[in-house]
Amino acid sequence: MGATGCGKSKLSVDLATSCGVEAEIINSDKMQVYKGLDIATNKITIPERKGVRHHLLGDLDPADGELTAAEFRDAAGAAVSDIASRGKLPVVVGGSNSFIYSLLVDRFHPGSRYDCCFLWIDVAFPVLCDYLCRRVDEMVETGMMEEMAEFYSSESWAGRVGLLKTIGVPELEWYYKMGNFESNKNNRSVYEDAVRKIKENTCRLAERQVGKIVRLKSGGWDLHRVDATDVFRERLRAADEAAAEAAAEEEEEMEVVMAAAAECGSGGARRKSRKKRRRQWAEVWEKEVMDPSVKIVKRFLEE
Ligand code: ATP
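No gaps in the numbering here: position 192 of the sequence shown is 192 in UniProt numbering, and each next residue is one more.
As structure tokens, this is what we get:
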């Protein structure tokens with residue numbers, strides 16, 4: 001469990017590959033259950049899944065309507081039974097806490113219908129929000145706008161109801177909607193305004209998600225809180241350094257005489273430092289998040 005962007009998907013794969021038992025993952029993010037908008041909904045990529053089987057991830061047609069919490073309970077419950085019947089461990093991961101609640105709650109007795117181990121990845125809110133804003137920029141760089149343009153280019157976009165509430169869809173509707181795009185595409189301010197709203201709404205979603213988790217914890221759910229703030233501080237520091245280097249690189253490129261030397265000299269050093277930076281935050285992740293989580297899950301499995 002945890003807010004959007006806190007590393008839940010990564011942790012679920014880390015756990016599935018490091019706990020000494022075979023595991024499969026069930027997605028509990030209400031936007032990621034549908035096909036499409038992979039960048040905007042931030043679905044874990046195939047290489048990042050490391051061969052671990054995922055259920056309810058990009059399986060549903062958004063034109064079939066919004067999946068209700070009760071429908072999720074049935075579908076995810078069937079996945080839990082299927083995974084368990086094959087002797088494997090079901091790992092539920094996603095930010096939709098109403099879906100998790102609906103899956104677990106015992107309708108006839110108080111408490112959970114499963115024996116669960118809860119992990120909550122928590123990140124100090126200002127740090128998470130800073131990270132989320134940069135993640136939006138990265139999503140834009142990796143093709144979110146093209147994905148949205150394609151979404152809105154289909155005449156039947158309004159019928160893909162399952163995806164209409166995805167952050168990015170309402171914010172970009174005015175920009176991309178048929179008839180508007182030709183006049184909007186050169187309008188920087190409409191575009192920038194939409195990106196700013198996407199950032200604001202992403203931070204708001206994170207705040208709401210954490211609020212719900214805190215309420216579940218105070219309501220008696222035995223959540224193990226794992227603090228990932230240092231990981232995100234490290235990632236932000238790495239991103240700052242990379243941005244400073246990119247700016248320096250741009251400056252260098254302007255000096256035509258130095259260009260060739262920059263290519264074969266500092267280019268190699270830069271690539272190395274990028275790798276080093278990645279290694280640094282990966283080390284903090286292992287120490288602060290992954291190792292404690294593996295310990296918690298192993299202890300739970302031994303009980
Ligand atoms: P509620 O209890 O109000 O139904 P919830 O916890 O079940 O909330 P959330 O997962 O918090 O649901 O999602 C609420 C809204 O946040 C979605 O309708 C959508 O606008 C946005 N949202 C959630 N997940 C994503 C995602 N992966 N990508 C983009 N937007 C998302």
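Note that CB positions come from ideal geometry on N, CA and C, so glycine has one too.
Measuring only from the beta carbon, is residue i closer than 7 Å to any heavy atom that is part of ligand 1?
i	result
residue 205	yes
residue 213	no
residue 42	yes
residue 30	yes
residue 308	Outside the modelled stretch of the chain, which goes from 1 to 303, sits residue 308, for which no answer is possible.
residue 151	no
residue 165	yes
residue 99	yes
residue 96	yes
residue 45	no
residue 68	no
residue 280	no
residue 142	no
Between residue i and residue j, is the Cβ-Cβ spacing less than 8 Å?
i	j	result
residue 123	residue 6	yes
residue 75	residue 104	no
residue 4	residue 202	yes
residue 166	residue 40	yes
residue 274	residue 242	yes
residue 284	residue 117	no
residue 233	residue 127	yes
residue 176	residue 149	yes
For residue i, which of the options has the nearest alpha-carbon?
i	options	result
residue 64	158, 277, 252 and 92	158
residue 119	93, 130, 106 and 138	93
residue 185	240, 145, 229 and 121	145
residue 222	69, 111, 81 and 66	111
residue 102	275, 70, 198 and 48	70
residue 152	29, 181, 251 and 58	181
residue 95	86, 127 and 29	29
residue 81	149, 61 and 113	113
residue 60	85, 83 and 27	27
residue 299	282, 224, 136 and 191	224
residue 197	183, 168, 207 and 220	168
residue 200	131, 183, 86 and 292	131
residue 125	286, 230, 11 and 292	230
Among the residues of its own chain, which have a CB less than 7 Å from the CB of residue i, if the five just before and after it don't count?
i	result
residue 294	15, 18 and 19
residue 50	13 and 17
residue 43	32, 57 and 58
What separation, rounded to the nearest whole angstrom, lies between the Cα atoms of residue i and residue j?
i	j	result
residue 161	residue 34	10 Å
residue 46	residue 37	15 Å
residue 213	residue 248	42 Å
residue 356	residue 194	The structure shown does not extend to residue 356, since the chain is modelled only from 1 through 303, so no value can be given for it.
residue 155	residue 31	21 Å
residue 73	residue 99	7 Å
residue 228	residue 21	24 Å
residue 289	residue 254	42 Å
residue 251	residue 67	51 Å
residue 9	residue 174	32 Å
residue 235	residue 23	28 Å
For residue i, collect the residues of the same chain with a Cβ closer than 6 Å to its Cβ; drop the 5 residues on either side in sequence, then sort them by chain order.
i	result
residue 205	4
residue 83	24 and 90
Going by beta carbon distance, what residues of the same chain come within less than 8 Å of residue i, once the five residues before and after it are set aside?
i	result
residue 97	1, 209, 212, 213 and 216
Beta-carbon of residue i versus every beta-carbon of chain C: anything under 8 Å?
i	result
residue 104	Here chain C cannot be found, since the structure has a single protein chain.
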